[in-house]
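Engineer: Mind having a look at this structure? Questions to follow.
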Amino acid sequence: MDSISIANNSLFSVNGRRCLIIALFGIFGLTIAYYVFQTIVFVQIKDVLKSLDGDFARMMKEIHSLRQNVTMLETETESLKVSIKI
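Going by full-length UniProt numbering, the residue at position 46 of the sequence shown is 46; the numbering climbs one at a time, nothing skipped.
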């Protein structure tokens, strides 16, 4: 092989440099796209968790209210039992 064909087939030729530049921009673009996608997904997950946290807090308040109602009903039932015995 002569030196001209080696130069044409190497990365230092015009086509080789063009290919290398395109590959580097492609890798750079994919990296940016990955981080943008990851950021968007994490923001959405964070919003969903906030929503679930609010729902959980509401459920806990409702459970607490129901427990208070059950306690009141038990107290009233006991007082009715006592009044019926008398």
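Built from N, CA and C at the ideal position, the CB exists for glycine as well. Treat the numbers as computed from the prediction; the structure is a model and nothing was measured.
To the nearest angstrom, how far is the alpha carbon of I21 from that of I45?
Structural biologist: Going from the Cα of I21 to the Cα of I45 covers about 36 Å.
Engineer: I'd like the ranges of any alpha helix (DSSP H) spanning at least 4 consecutive residues and lying wholly in the stretch 8–82.
Structural biologist: If we require 4 residues or more, the stretch 8–82 turns out to have no alpha helix (DSSP H) run fully inside it.
Engineer: Taking the alpha-carbon positions, what's the A33 to C19 distance?
Structural biologist: Taking the straight line from one Cα to the other gives about 21 Å.
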